[in-house]
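A.B. asks:
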Amino acid sequence: MGLLSSLFGGGKPNEDQQAKQEKKNFEILKYDGIRARNMRQLPYAIKCFEQAIALNDEPETLQLLANAYIEAGRTDDARITLDRLVDKTPDNIQALLALASICYMQEDYESMDDACQKAIKLDETSAPAYYLAAKAARGMKNDLQAIVMLTKAIMQNEEYKEAYLLRAEVLWDMRQAKDAMSDLDKVLSVSPDEEDALLLKGRIHAALGQVEEAQSCFNQVLEVNPFNEKAYLLKGEMLMEQKEFDQAIEFYTEAIELMPQNAVLYQERGRIRLLKGDKEGSIEDMKKAIELNPDNEKLITGNYDNLKQNSAPGIY
Numbered sequence: 001m002g003l004l005s006s007l008f009g010g011g012k013p014n015e016d017q018q019a020k021q022e023k024k025n026f027e028i029l030k031y032d033g034i035r036a037r038n039m040r041q042l043p044y045a046i047k048c049f050e051q052a053i054a055l056n057d058e059p060e061t062l063q064l065l066a067n068a069y070i071e072a073g074r075t076d077d078a079r080i081t082l083d084r085l086v087d088k089t090p091d092n093i094q095a096l097l098a099l100a101s102i103c104y105m106q107e108d109y110e111s112m113d114d115a116c117q118k119a120i121k122l123d124e125t126s127a128p129a130y131y132l133a134a135k136a137a138r139g140m141k142n143d144l145q146a147i148v149m150l151t152k153a154i155m156q157n158e159e160y161k162e163a164y165l166l167r168a169e170v171l172w173d174m175r176q177a178k179d180a181m182s183d184l185d186k187v188l189s190v191s192p193d194e195e196d197a198l199l200l201k202g203r204i205h206a207a208l209g210q211v212e213e214a215q216s217c218f219n220q221v222l223e224v225n226p227f228n229e230k231a232y233l234l235k236g237e238m239l240m241e242q243k244e245f246d247q248a249i250e251f252y253t254e255a256i257e258l259m260p261q262n263a264v265l266y267q268e269r270g271r272i273r274l275l276k277g278d279k280e281g282s283i284e285d286m287k288k289a290i291e292l293n294p295d296n297e298k299l300i301t302g303n304y305d306n307l308k309q310n311s312a313p314g315i316y
């Protein structure tokens with residue numbers, strides 16, 4: 001019997017043994033990868049997952065590999081892996097949304113929208129799918145479509161803070177101040193110290209000439225986060241537009257004491273000093289800005305023409 005098996009069926013035990021060994025190797029690689037990722041050893045984790053999917057490209061491991069690529073900043077590799085995952089599991093909504101997020105990082109808004117629409121077709125109640133579709137629409141400069149998608153997201157989840165905030169940004173881009181403020185009030189009713197919402201609210205107040213209200217918003221942000229660069233720039237710009245040069249210079253000086261390595265703050269203080277007529281002080285600040293960030297050197301030419309142009313209103 002053993003002779004007959006070896007002659008006519010001897011290959012099957014070897015094939016079964018090989019399959020079992022491959023399955024074992026796959027499981028070892030997969031779980032070694034998970035342990036390595038949990039220990040923040042991303043290069044080794046990625047190597048394990050890559051070898052694992054070479055043996056078995058099952059969806060869970062593809063997702064693990066894509067996530068590891070994202071954590072490692074390997075966006076292109078993550079996109080390839082998620083495309084592969086979506087092809088393998090076309091009804092996987094989470095994979096479609098992950099793919100949409102990667103497309104957003106790559107500024108591939110058409111592919112992002114395609115992934116979102118597929119997710120929406122699978123689940124018309126998916127608020128995140130509508131939200132990401134809105135971001136894709138905004139990337140394609142279609143503000144009206146973005147508002148439609150954000151409204152649908154909010155209809156599915158009335159507490160969707162990010163959707164309200166993004167809709168407020170889009171509405172303000174369209175200069176619909178009242179509606180934008182309404183959405184911001186909704187965000188701030190849930191998260192009173194939401195920095196992005198406060199900054200946008202301050203920008204709208206400033207653009208409408210409501211100086212005290214704008215300052216209140218910017219000051220609140222700085223109370224929550226004294227290192228918020230945008231708050232300093234917005235408040236400093238507002239002081240400059242009011243011709244409060246001394247106050248603006250003092251304000252930027254306080255900011256520089258907190259963030260002495262911030263080139264933008266030196267640049268802005270130098271701009272205010274130039275407008276005030278303090279050319280020597282302006283040059284000093286500009287030299288420091290260039291020292292901290294050599295790319296800033298292109299902003300300075302001859303009689304500071306670029307700086308003067310940049311002093312025009314429009315930051316709001």
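First residue of the sequence shown? That's 1 in full-length UniProt numbering, and the numbers climb one at a time after it.
Glycine residues also receive a C-beta, built at the ideal position from the N, C-alpha and C atoms.
Small disclaimer: the values here were computed from a predicted structure and weren't measured.
1. Give every residue of the same chain whose Cβ lies closer than 8 Å to the Cβ of D83, excluding the five residues on either side of it in the sequence, and list them in chain order.
2. Mind checking if L150 is an interface residue toward chain E, Cβ cutoff 7 Å exclusive?
3. Do the region 248-268 and the region 203-216 meet, that is, are 3 or more Cβ pairs less than 8 Å apart?
4. Can the beta-carbon of Q156 be found less than 7 Å from the beta-carbon of A127?
5. Exposed or buried, which one is G33 when buried takes at least 16 other CB atoms within 10 Å?
6. Could you give the first and the last residue of the continuous alpha helix (DSSP H) run that contains T61?
7. Determine the extent of the alpha helix (DSSP H) in which D295 is found, giving its start and end residues.
8. Compute the distance between the beta-carbons of Y160 and V187, then report whether it is under 7 Å.
9. Mind checking which residues open and close the alpha helix (DSSP H) that includes E223?
10. Could you give the residue range of the alpha helix (DSSP H) that holds Y160?
11. At a threshold of 6 Å, does A54 count as lining the ligand HEM (C-beta to nearest heavy atom)?
12. Would T61 and K30 be called neighbours here (beta carbons separated by less than 7 Å)?
13. What does the alpha-carbon distance come out to for the pair A78 and G281?
14. Evaluate K201 with the Cβ neighbour count: other Cβ atoms within 10 Å of its Cβ, from every protein chain shown; 16 or more gives buried, anything less gives exposed.
15. For M181, which of helix, strand or coil comes out of DSSP?
16. Mapping DSSP to helix, strand and coil, what is D278?
17. Between the C-alpha atoms of Q97 and Q242, what's the straight-line distance to the nearest angstrom?
18. Does the Cβ-Cβ distance between A231 and V221 come in under 7 Å?
19. Does DSSP classify T151 as helix, strand or coil?
20. Specify the secondary structure class of S101 as computed by DSSP and reduced to three states.
C.D. replies: To lay it out plainly:
1. For the purposes of this step, residue 83 is taken as the residue at position 83 of the sequence shown. So the list reads L99, once near-sequence residues are dropped.
2. Protein chain content of the structure displayed is limited to a single chain, and chain E is not contained in it.
3. no
4. One-based indexing of the sequence shown puts residue 156 at position 156. One-based indexing of the sequence shown puts residue 127 at position 127. Yes, the Cβ-Cβ distance between Q156 and A127 is below 7 Å.
5. Within the sequence shown, residue 33 is the residue found at index 33, counting from 1. The residue in question, G33, is buried, as its Cβ has 16 or more Cβ neighbours within 10 Å.
6. Looking up residue 61 in the sequence shown gives position 61. Per DSSP, T61 belongs to the alpha helix (DSSP H) from 59-71.
7. Counted from its first residue, the sequence shown places residue 295 at position 295. Taken as a continuous stretch (DSSP letters only), D295 belongs to no alpha helix (DSSP H), as it is neither H nor E.
8. To locate residue 160, count along the sequence shown from 1; it is residue 160. To locate residue 187, count along the sequence shown from 1; it is residue 187. For Y160 and V187, no; Cβs fall outside 7 Å.
9. In the sequence shown, residue 223 corresponds to position 223, counting from 1. Counting along the chain, the alpha helix (DSSP H) containing E223 begins and ends at 211-224.
10. Residue numbering aside, residue 160 sits at position 160 when the sequence shown is read from its first letter. No alpha helix (DSSP H) holds Y160; DSSP gives it neither H nor E.
11. Questions concerning the ligand HEM fall outside what the structure shown contains, since it holds no ligand whatsoever.
12. Along the sequence shown, read from residue 1 onward, the residue named residue 61 stands at position 61. Along the sequence shown, read from residue 1 onward, the residue named residue 30 stands at position 30. Against a cut-off of 7 Å, the Cβ pair of K30 and T61 comes out as a contact.
13. Taking the sequence shown and counting its residues from 1, one reaches residue 78 at position 78. Taking the sequence shown and counting its residues from 1, one reaches residue 281 at position 281. Looking at the two C-alpha atoms, the distance is approximately 48 Å.
14. Indexing the sequence shown from 1 puts residue 201 at position 201. Counting Cβ neighbours within 10 Å, K201 comes out buried, since at least 16 surround it.
15. Along the sequence shown, one-based indexing puts residue 181 at 181. Three-state result, M181: helix.
16. Here the question's residue 278 lines up with position 278 in the sequence shown. Three-state DSSP puts D278 in coil, outside helix and strand.
17. By 1-based counting over the sequence shown, the position of residue 97 is 97. By 1-based counting over the sequence shown, the position of residue 242 is 242. Rather than Gln, the amino acid found at residue 97 in this sequence is Leu. When rounded, the distance between both Cα atoms is 46 Å.
18. Along the sequence shown, one-based indexing puts residue 231 at 231. Along the sequence shown, one-based indexing puts residue 221 at 221. For A231 and V221, yes; Cβs fall inside 7 Å.
19. Looking up residue 151 in the sequence shown gives position 151. Looking at T151 - three-state DSSP - the assignment turns out to be helix.
20. Numbered from its first residue, the sequence shown carries residue 101 at position 101. It is helical.
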